[in-house]
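Novice:
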Amino acid sequence: MPSIKQFQVTFDCAEPERLARFWCEVLGYVVPPPPEGYTTWDDFKQAQPPEERDAWFACGDPSGVGPRLFFQRVPEGKVAKNRVHLDVRVGTGLVGEERVAVLEAECARLVALGGVRVRLLLADEENESCLVMQDVEGNEFCLD
Numbered sequence: 000m001p002s003i004k005q006f007q008v009t010f011d012c013a014e015p016e017r018l019a020r021f022w023c024e025v026l027g028y029v030v031p032p033p034p035e036g037y038t039t040w041d042d043f044k045q046a047q048p049p050e051e052r053d054a055w056f057a058c059g060d061p062s063g064v065g066p067r068l069f070f071q072r073v074p075e076g077k078v079a080k081n082r083v084h085l086d087v088r089v090g091t092g093l094v095g096e097e098r099v100a101v102l103e104a105e106c107a108r109l110v111a112l113g114g115v116r117v118r119l120l121l122a123d124e125e126n127e128s129c130l131v132m133q134d135v136e137g138n139e140f141c142l143d
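What follows is the structure in structure tokens.
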């Protein structure tokens, strides 16, 4: 049985392009070029029937290593804690105050982009410190 080589992470959301652009800034991802035959994404959107405009958006790792992120509009809002979340690895290899300082600096950058700081979880016997945040639509993620 062949192994899976690629996967994408899909987010249900209210505003796909806004959320995709937030995650581009968080991860250093890029928006791909518009579909063939369109000069800009706005041209593509205008060519769609009104009910399909802004229905989805995607972004990807420019190096091709990380998964593609796909954002699809859904009618219902977020009502509970995420069952899956992303851990953004900014403090790998760091411990103690140095790790917390890096987490806090990245948190400040993401808050300026519209993210929300939820809480700092300090290191214990099993885990290093991490910082819980929410993206621009309230989806939880961790700075780790």
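The sequence shown begins at 0 in numbering that gives the first Met the number 0 and counts up by one.
We treat Cβ as the ideally placed atom computed from N, Cα and C, and that holds for glycine.
Should Gly90 be labelled buried (16 or more other beta-carbon atoms within 10 Å of its own) or exposed?
Specialist: buried
Novice: Within the region 3 to 31, note down every full beta strand (DSSP E) run reaching 3 residues or more, in order along the chain.
Specialist: Whole beta strand (DSSP E) segments, 3+ residues: 7 to 12.
Novice: In whole angstroms, what is the alpha-carbon distance linking Gly27 and Gly63?
Specialist: 12 angstroms
Novice: Is it the case that the Cβ atoms of Arg148 and Cys58 are separated by a distance below 9 angstroms?
Specialist: No answer is possible for residue 148: the residues shown for the chain start at 0 and end at 143.
Novice: Measuring CB to CB, does Leu120 end up less than 9 angstroms from Leu109?
Specialist: no
Novice: In the DSSP assignment, what residue or residues form a beta bridge with Glu139?
Specialist: Gln133
Novice: Under three-state DSSP, which class holds Ala57?
Specialist: strand
Novice: Kindly give me the distance between the Cβ atoms of Thr9 and Phe69, rounded to whole angstroms, as I take these residues to be in contact under 8 angstroms.
Specialist: 5 angstroms
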